[in-house]
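Visitor:
Protein chains: 2
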Amino acid sequence: MGFKVGLLGLGTVGAGTVQILQTPDQRHPLLTELEIHKVGVRSLSKARDVSVPSSILTTDLASIVNDPEIDIIVEVMGGIEPARELILTAIANGKHIVTANKALIAKHSDEIFSAAEKHGVYVLLEAAVGGGIPVIEPLKQSLCSNRIQSVMGIINGTTNYILTRMVNEGAEFADVLADAQRLGYAEADPTADVDGGDAADKISILAALAFGGRVDRSQVSCEGIREVGRSEIAYAEKLGFVIKLLGIAERSDSAPNTLAVRVHPTLLPKSHPLANVNDVYNAILVEGDPVGQVMFFGRGAGAGPTASAVTADLLNIAALLKVGRDCAKQADGTPLLDPLLACAYRQEFAIAPLETLESKFYARFLTQDLPGVIGKLGTCFGDHHVSLESIVQADKRDGLAEIVVVTHVVKEGDFRSALAEIEQMNVLSSIASVLRVLPT
Amino acid sequence: MGFKVGLLGLGTVGAGTVQILQTPDQRHPLLTELEIHKVGVRSLSKARDVSVPSSILTTDLASIVNDPEIDIIVEVMGGIEPARELILTAIANGKHIVTANKALIAKHSDEIFSAAEKHGVYVLLEAAVGGGIPVIEPLKQSLCSNRIQSVMGIINGTTNYILTRMVNEGAEFADVLADAQRLGYAEADPTADVDGGDAADKISILAALAFGGRVDRSQVSCEGIREVGRSEIAYAEKLGFVIKLLGIAERSDSAPNTLAVRVHPTLLPKSHPLANVNDVYNAILVEGDPVGQVMFFGRGAGAGPTASAVTADLLNIAALLKVGRDCAKQADGTPLLDPLLACAYRQEFAIAPLETLESKFYARFLTQDLPGVIGKLGTCFGDHHVSLESIVQADKRDGLAEIVVVTHVVKEGDFRSALAEIEQMNVLSSIASVLRVLPT
Numbered sequence: 000m001g002f003k004v005g006l007l008g009l010g011t012v013g014a015g016t017v018q019i020l021q022t023p024d025q026r027h028p029l030l031t032e033l034e035i036h037k038v039g040v041r042s043l044s045k046a047r048d049v050s051v052p053s054s055i056l057t058t059d060l061a062s063i064v065n066d067p068e069i070d071i072i073v074e075v076m077g078g079i080e081p082a083r084e085l086i087l088t089a090i091a092n093g094k095h096i097v098t099a100n101k102a103l104i105a106k107h108s109d110e111i112f113s114a115a116e117k118h119g120v121y122v123l124l125e126a127a128v129g130g131g132i133p134v135i136e137p138l139k140q141s142l143c144s145n146r147i148q149s150v151m152g153i154i155n156g157t158t159n160y161i162l163t164r165m166v167n168e169g170a171e172f173a174d175v176l177a178d179a180q181r182l183g184y185a186e187a188d189p190t191a192d193v194d195g196g197d198a199a200d201k202i203s204i205l206a207a208l209a210f211g212g213r214v215d216r217s218q219v220s221c222e223g224i225r226e227v228g229r230s231e232i233a234y235a236e237k238l239g240f241v242i243k244l245l246g247i248a249e250r251s252d253s254a255p256n257t258l259a260v261r262v263h264p265t266l267l268p269k270s271h272p273l274a275n276v277n278d279v280y281n282a283i284l285v286e287g288d289p290v291g292q293v294m295f296f297g298r299g300a301g302a303g304p305t306a307s308a309v310t311a312d313l314l315n316i317a318a319l320l321k322v323g324r325d326c327a328k329q330a331d332g333t334p335l336l337d338p339l340l341a342c343a344y345r346q347e348f349a350i351a352p353l354e355t356l357e358s359k360f361y362a363r364f365l366t367q368d369l370p371g372v373i374g375k376l377g378t379c380f381g382d383h384h385v386s387l388e389s390i391v392q393a394d395k396r397d398g399l400a401e402i403v404v405v406t407h408v409v410k411e412g413d414f415r416s417a418l419a420e421i422e423q424m425n426v427l428s429s430i431a432s433v434l435r436v437l438p439t
Numbered sequence: 000m001g002f003k004v005g006l007l008g009l010g011t012v013g014a015g016t017v018q019i020l021q022t023p024d025q026r027h028p029l030l031t032e033l034e035i036h037k038v039g040v041r042s043l044s045k046a047r048d049v050s051v052p053s054s055i056l057t058t059d060l061a062s063i064v065n066d067p068e069i070d071i072i073v074e075v076m077g078g079i080e081p082a083r084e085l086i087l088t089a090i091a092n093g094k095h096i097v098t099a100n101k102a103l104i105a106k107h108s109d110e111i112f113s114a115a116e117k118h119g120v121y122v123l124l125e126a127a128v129g130g131g132i133p134v135i136e137p138l139k140q141s142l143c144s145n146r147i148q149s150v151m152g153i154i155n156g157t158t159n160y161i162l163t164r165m166v167n168e169g170a171e172f173a174d175v176l177a178d179a180q181r182l183g184y185a186e187a188d189p190t191a192d193v194d195g196g197d198a199a200d201k202i203s204i205l206a207a208l209a210f211g212g213r214v215d216r217s218q219v220s221c222e223g224i225r226e227v228g229r230s231e232i233a234y235a236e237k238l239g240f241v242i243k244l245l246g247i248a249e250r251s252d253s254a255p256n257t258l259a260v261r262v263h264p265t266l267l268p269k270s271h272p273l274a275n276v277n278d279v280y281n282a283i284l285v286e287g288d289p290v291g292q293v294m295f296f297g298r299g300a301g302a303g304p305t306a307s308a309v310t311a312d313l314l315n316i317a318a319l320l321k322v323g324r325d326c327a328k329q330a331d332g333t334p335l336l337d338p339l340l341a342c343a344y345r346q347e348f349a350i351a352p353l354e355t356l357e358s359k360f361y362a363r364f365l366t367q368d369l370p371g372v373i374g375k376l377g378t379c380f381g382d383h384h385v386s387l388e389s390i391v392q393a394d395k396r397d398g399l400a401e402i403v404v405v406t407h408v409v410k411e412g413d414f415r416s417a418l419a420e421i422e423q424m425n426v427l428s429s430i431a432s433v434l435r436v437l438p439t
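Quick note, the sequences are listed as chains A and B, same order. Residue 259 in numbering that gives the first Met the number 0 sits at position 260 of the first sequence, and the numbers go up by one each step. Residue 88 in numbering that gives the first Met the number 0 sits at position 89 of the second sequence, and the numbers go up by one each step.
1) Glu286 of chain B by DSSP, collapsed to three states: which one?
2) Mind checking Gln292 of chain B: buried by the 16 CB within 10 Å criterion, or exposed?
3) Which term fits Gly131 of chain A, buried or exposed, when burial requires 16 or more other beta carbons within 10 angstroms of its beta carbon?
4) With a cut-off of 7 Å, does the C-beta of Cys221 of chain B fall near any C-beta of chain A?
5) When the Cα atoms are used, what is the spatial distance from Gly169 of chain B to Glu231 of chain B?
6) List, in chain order, every chain D residue whose beta-carbon is nearer than 7 Å to that of Asn275 of chain A.
7) For Glu231 of chain A, decide whether its Cβ has a neighbour in chain B, counting only Cβ atoms nearer than 7 Å.
8) Please state the DSSP three-state secondary structure of Gln21 of chain B.
9) Quick one: Cα of Val120 of chain A to Cα of His384 of chain A, how far?
10) Counting only C-beta atoms, is Val290 of chain B closer than 7 Å to chain A at any point?
11) So for Ile329 of chain B, helix, strand or coil by DSSP?
12) Look at the Cβ atom of Arg415 of chain B, then the Cβ atom of Thr265 of chain B, and state whether they are nearer than 7 Å.
13) Can you find a C-beta in chain B that's less than 7 Å from the C-beta of Ser42 of chain A?
14) Would you list, in chain order, the members of the region 333–366 of chain A that have their beta-carbon closer than 8 Å to a beta-carbon of chain B?
15) By a C-beta neighbour count over all protein chains shown, 10 Å radius and 16 as the cutoff for buried, is Leu319 of chain B buried or exposed?
16) Helix, strand or coil for Ser428 of chain B, going by three-state DSSP, please let me know.
17) Work out the CA separation of Ala327 of chain A and Arg324 of chain B for me, nearest whole Å.
18) Taking the Cβ atom as the reference point for each residue, do Arg298 of chain B and Arg146 of chain A lie within a distance shorter than 7 Å?
19) I think Asn275 of chain A touches Asn275 of chain B, with their Cβ atoms under 8 Å apart; what is that distance to the nearest whole Å?
20) Which residue or residues does DSSP assign as beta-bridge partners of Ile350 of chain A?
21) Within 7 Å of any Cβ in chain B, is that where the Cβ of Glu136 of chain A sits?
22) Thinking C-beta only, is Val150 of chain B closer than 7 Å to Leu205 of chain B?
23) Assuming the contact rule is C-beta atoms closer than 8 Å, Arg363 of chain A and Glu422 of chain A should be a hit. Round their C-beta distance to whole Å, please.
24) Go to His107 of chain A, then tell me how far its alpha helix (DSSP H) extends in each direction, as first and last residue.
25) According to DSSP, Ala46 of chain A sits in a beta bridge with which residue or residues?
26) Which value, in whole angstroms, describes the spacing of the CA atoms of Leu284 of chain B and Ala248 of chain B?
27) Is Phe296 of chain A close to chain B, meaning its C-beta is less than 7 Å from at least one C-beta of that chain?
28) Whose C-beta lies closer than 6 Å to the C-beta of Lys106 of chain A among residues of the same chain, with five residues either side of it excluded?
29) Shortest alpha-carbon distance to Gly287 of chain B belongs to which of B:Pro137, B:Ile69, B:Leu30 and B:Leu33?
30) At the 7 Å Cβ level, is Leu267 of chain B part of the contact set with chain A, yes or no?
31) Of the residues B:Phe240, B:Asn159 and B:Gly8, which one's Cα is nearest the Cα of Asp59 of chain B?
32) Check for me: the beta strand (DSSP E) holding Lys395 of chain A runs from which residue to which?
33) Assess contact between the region 218–236 of chain A and the region 185–201 of chain A, defined as three or more Cβ pairs (one per stretch) separated by less than 8 Å. Is contact present?
34) Based on the DSSP secondary-structure assignment, which residues constitute the bridge partners of Pro440 of chain B?
35) Which stretch, first to last residue, makes up the beta strand (DSSP E) that contains Tyr361 of chain B?
36) Quick check on DSSP: helix, strand or coil for Pro67 of chain A?
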């Protein structure tokens, strides 16, 4: 009894998936029960890294999701359409789905998961976040008895590579980005990576799974790393921090059924578990009651790691089909799903506006080099209930004094109103940088 | 339709498990379908941290594993007997097992897993390794399509705590151990922790699951941290290493169906992912094709983390029973098991003898302070095909010269025969320390 797989897309990840299925030796024997039945591609004549019989290649993607023989669809074509439409058709046809498409799931999980629930099929997406790092299934299965307090992570390899090189080489963002593009670590259009959109897709998915509820991706605030300069990297280092682009999702203390979900560059204490995650590596830190902190680390992208996650999802569906195939049904005849792996949302979450959050902040000011400036800044922060951890007059720069402030945990609204008042001060030349700091 | 749980043991982990089951709010809703039916304890009158109705407490453990109403047995009593006997009886009665008992599984997995296969029940043991860190299920489910090359980890919290304090305080092993015992981080009898037996149990279990075959625990060589002195910690630091007690399991390059499995203190390059895992934290690094390196990090012990793993296993069994309960059967009527979570071994592995392995070594020699000694040592290593990465004459100590050697990757047999020849040299006072070094 084998399981027939329809593959949508034969790019890097698709080819990696085929390669695993074609070399089952020393892997789990269940792999031999999976058979690639059809592969949908854009061009039949393109040269490929893997050898697939031409008889199973087709450019007619609809014929794959409508093929009654196929049990499981693997969607690794990317993009919103036609991926969304094809997946919904496949689900309506009772096929299970494995997808690596984070942008699609982040934006349309509601529609896709509802359809999957209605038709009694699985939609697994381990490959959508963290490449080969097991994190989606551990959240669903291994940490399912915890009350999750927070999920945060370095979930974009390109920006982590850029930030790591900026630290190691003391280089500026634009120079490293150009070199990363030349080396193939960054796309020609780097927007989704460096402006945080990719990380926002991923933290939305992680938040929804960790907290078991719907998260509106369009409300997730998102700040990239373009404004992180060499100066910030250097000051962070001096103050005992390292700067990482983090996706963060936390349960709100103040409002029920509310999450704080956002992406921004963050100063991390060097002793923090995420602080030593460098280069293209990703890591996700989950905090739960009673498990405490657990972290998952590995390569967040690439053909091999992503195909590892895709094929694991395939095997998990095959394993579940073996146990319950054609027998476990609900009263209306819909197949019964494993309640940990099924993806129906249990509730809807509100997203807390950024200005209601509490955080530590780092800010760098350029001011006239006059006595009393530190006092003025300190007083202004105090007037707005912003308590400071440190305020340091650093080097002079172009005749201006450079003052670096790190606050304690304060309300973002208070901090912003202090900044607004400081902006009006005669002694101020500019607010050169404002970044968030993770508390120890 | 609920699932009835019989709990064997109400110590720290048992109480933590009850606490999770009694507070299902904001955890996975499937928890509410689990019901603690009976709890086996040694004394009915003992004061406890959790409140359990006295009507379900019993000292008659056999009555629990023979209770026809119970679906799943949680064994958190520890020790080999009567745990083994009770588990086998429960399995024969068709009950699924969740256990945190690493010593029992390391030694008797063969018998227990065979019985489970015969009777069509699950034996889940996430809590046996790494406390609350999801590692067993990710190995079984999320990495199942990989060819695993190695699994290694810091899997004993007590020794990691001791080594971390030795580094931070420059203290000697015996002093830190005594303090750790006072603080409750080490047992009154610390043997299983500091001599590596606990870590050897755990790496045997990880190896068996990662490579999918039987591993004979009695052949796993095991060296603890008693011989790691302040000098070694300091020299390691100077050379760019940190010393950790690692459990390591690797596929042998030279012999088929052979694994190298052992526990020993190891010099790790400071840039290694495991090098920054400190205090009581554990971490397991898995390397597979094509996933590359993935690491799992968290608290390796304690009531909360361990109970998180126990209850996750309970939920996973409940979820599978919901999908396939009373329907998926083999031809002979035995229930069909999820092939990824079932624990039958697929093969038997030989364990490579230590002297056949290749490794980098660190050695510290005390010699007479004469010219030419470094040359003599270097020549002797060369004669035995042991290529050196560095040889440094360090400080003098009690009128003797202290020479520290780090080799390239060499055969352990060659290295040992060089040492045997060096031991006969007149200039040698003593070989103060020999440790293994992880290649970069």
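From the three backbone atoms N, C-alpha and C, an ideal C-beta is built for every residue, glycine too. These numbers come from a predicted model, not from an experiment.
Guide: Reading it off the structure:
1) strand
2) buried
3) buried
4) no
5) 11 Å
6) This model lacks chain D altogether; the protein chains it does include are A and B.
7) no
8) helix
9) In this structure, the straight-line span from the alpha carbon of Val120 of chain A to that of His384 of chain A is close to 52 Å.
10) Judged by the 7 Å Cβ criterion, Val290 of chain B is in contact with chain A.
11) Going by the sequence as given, residue 329 of chain B is Gln instead of Ile. In the structure shown, Gln329 of chain B sits in coil (DSSP, three-state: anything other than H, G, I, E or B).
12) no
13) Ser42 of chain A does not count as touching chain B.
14) Leu335, Leu336, Asp337, Pro338, Leu339, Leu340 and Arg345
15) buried
16) strand
17) 8 Å
18) no
19) 5 Å
20) A:Leu258
21) Glu136 of chain A counts as touching chain B.
22) Result yes, Cβ atoms of Leu205 of chain B and Val150 of chain B sit closer than 7 Å.
23) 14 Å between Cβ atoms; not a contact.
24) Lys101 to His118
25) Note: Ala46 of chain A sits in no beta bridge, so no partner.
26) When only Cα atoms are considered, Leu284 of chain B and Ala248 of chain B end up about 11 Å apart.
27) yes
28) Arg216
29) Looking only at B:Pro137, B:Ile69, B:Leu30 and B:Leu33, the smallest Cα-Cα distance to Gly287 of chain B is reached by B:Pro137.
30) By this cut-off, Leu267 of chain B is not an interface position.
31) B:Gly8
32) Leu387 to Arg396
33) yes
34) Nothing about residue 440 of chain B can be reported from this structure: the residues present for chain B run from 0 to 439 only.
35) Taken as a continuous stretch (DSSP letters only), the beta strand (DSSP E) holding Tyr361 of chain B covers Glu357 to Gln367.
36) Correct three-state label for Pro67 of chain A: coil.
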